[in-house]
Amino acid sequence: MGLLWLWTCAPLYIVQALADTDLGFQRNPGLEVDWMLGEAGRMIRAAEEIKPWRTPGLQDEPARPTVPRRFSADIEYVTFESGFLQTGRGFFAQDANEEAMRVLTVRHTLGMSQLLNNHTSLLLGNESYIINGGDLPICKKLPFFGQQQFVDLFAWAANPAVSRYTGERVVAGRACSLWYLLSTNQTRISLCAAGNTPVELNVTLSRSGTTFNFTYQFDRLKLGSEVPEQLLQKPQICDSFAPACENGRGLDPVPLDAYIFHPGMSVEDYNIEDQNVADLAGDAAFICMDWLFHESPRLDHNYTLISRYSLEISPSFGQYRPCNGYPDTIPPGPSCVPGDPRLVGREAPFSAGEGELRCAAGSPLGFWYQLPKGGRCSTGHRPSKEAWATGCTWSVQKRLKTIQQACLLRNHNFLQYCKADVLEDKGFGRSMKALEAAFASEDSSLGGCADVGEPVAQDSESMVVV
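Read left to right, the sequence shown gives residues -17 to -1, 1 to 449 (mature numbering (1 follows the signal peptide of the UniProt record, and there is no 0)).
Below is the structure:
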């Protein structure tokens, strides 16, 4: 693993709105909603601040919709990202006066649709939270989408300075009037409303040749006091980090064959403190999704290498923390989201499953791990049975091999195996075999890749272990 850490404008006036957006959500299906909600809010605010000339309306233009300030509804959602269509059920609630919004989507995991991803986005004023894990919820605050700020996604339709009526349509058997926020050809927001009742909200963005879209179709609305207060309040789990897994406390450390995507610009790029790693299955899933979504070299911080390490870790896992960057990348790192400073974090890829499968015995897609700097064992030491309470939680035994990512991805056609796995929807078996073969030998005819070694070690023991 490596970098991992999830939307319209007035013509000629609002430009470059997407110029600096990090697309870290592309390895975490579900987070694109958080990014798009944030972008939609920014575009609405920009349109309302600029107040362009009003466009001519149609002669039979109906009364503009005034959507209730506080409501909730079950939704049918559709998302489309880089060629992948997802549909399902969810839930939407907002209180515009309190500047609060909750969006829940239950989706199937790409590559293994029977594994569900229960994803909630909670926006409270200028604070945003991500809640995954279903009945065993885990709350995270992700900074990768920049400053989040609540914006009413519906009020713009009542403003003739920033919206226009385009006619009538029928959505899921319901007649509604269609309104568009004034937009460019690449980005748009539309609302189809039956009087003051939202029927369908559609948001579409285009970035670097990739189209992102979500559509919500609203069932019957609950209004005002019918919306439970707790739905639009920060849950208690967001005030603390998940505790160490109880089923891992008091146990000896376990071996981990770990893989990591990383740059190769200096010896510092071999330091795995405060980085995300994965087992074989987890990294196969990570690399597959990374390449299917066409991440750019800029966003990947020139991650040109893949290394394999032999580790020992305490099985008393903490909350997984996405991390970004190295000291010589732009922006510099590593930088991890808040979490326990010592416990090894773990989750199933894409935060899938109950409790993200953090404490589960296994995962059909493998696991992703986070190695906190504060939990690293000093040379010659290993985690103890009581590592969850005191002491170090992980140690490096040896760097086993480092290869050029191009050898796997291009020379051995990794992407074709990845696509076949996603279409078959039974995990990433082909991708796993290709990754395993790349490290098993240096014989290209067997799918092997050459070991490029490591840079000359400097004085700091935390730089590289061989």
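For glycine and all other residues, C-beta sits at the position ideal for the given N, C-alpha and C.
Check your understanding: Where does A421 fall in DSSP's three states?
Key -> helix
Practice item. Give the DSSP-derived three-state secondary structure of E183 in the structure shown. Key: strand
Point to revise | In chain order, each alpha helix (DSSP H) run of at least 4 residues that lies wholly inside the region 256 to 300 | key: 263 to 275
Check your understanding: For T194, which residues does DSSP report across the bridge?
Key -> S189
Practice item. Can you check the region 59 to 90 for any beta strand (DSSP E) of at least 3 residues that lies completely inside it and give the ranges in chain order? Key: 67 to 78
**Study point:** Residue span of the alpha helix (DSSP H) that contains E407, given as start and end
**Key:** 397 to 407
Check your understanding: Which residues mark the beginning and the end of the beta strand (DSSP E) in which K381 is found?
Key -> Counting along the chain, the beta strand (DSSP E) containing K381 begins and ends at 377 to 387.
Point to revise | Top-ranked residue by Cα proximity to A138, from L429, G357, S173, A370 | key: S173
Review point. Nearest-angstrom Cα distance between L106 and A56?
Key: 17 Å
Check your understanding: Should I220 and P120 be called a contact, given that it needs their Cβ atoms to be closer than 9 Å?
Key -> yes
Practice item. Specify, as a first and last residue, the run of the beta strand (DSSP E) that residue 471 falls within. Key: No answer is possible for residue 471: the residues shown for the chain start at -17 and end at 449.
Review point. In chain order, what residues of the same chain lie with their CB nearer than 6 Å to the CB of S299, ignoring the 5 residues before and after it?
Key: A227, C228, G231, R232, W371
Point to revise | Sequence-distant residues of its chain with Cβ nearer than 6 Å to G374 (five each side left out) | key: S367
Point to revise | Those residues which DSSP pairs with I114 across a bridge | key: Looking at the DSSP output, I114 sits in a beta bridge with T103, C122.
Exercise for review: Hey, could you find the ends of the beta strand (DSSP E) I313 is sitting in?
Suggested key: Bounds of any beta strand (DSSP E) do not take in I313, whose DSSP letter is neither H nor E.
Review point. Considering only C-alpha positions, which residue in the set A343, D323, S160 is nearest to V182?
Key: S160
Review point. In chain order, which continuous runs of the beta strand (DSSP E) of length 3 or greater are located wholly inside the region 315 to 357?
Key: 328 to 330, 351 to 354
Practice item. Go ahead and pull the three-state DSSP assignment for D442. Key: Its pLDDT being 48, under 50, D442 is placed unreliably in this model, and the value from its coordinates should be taken loosely. In this structure, D442 counts as coil in the three-state DSSP scheme.
Review point. Would you call L391 buried or exposed, if buried means 16 or more other Cβ atoms sit within 10 Å of its Cβ?
Key: The residue in question, L391, is buried, as its Cβ has 16 or more Cβ neighbours within 10 Å.
Check your understanding: Do E328 and Q353 have their CB atoms nearer than 9 Å?
Key -> Just to set this straight, residue 328 is Gly in the shown sequence, not Glu. A contact, by the Cβ cut-off of 9 Å.
Check your understanding: Helix, strand or coil: how does DSSP classify W162 here?
Key -> strand
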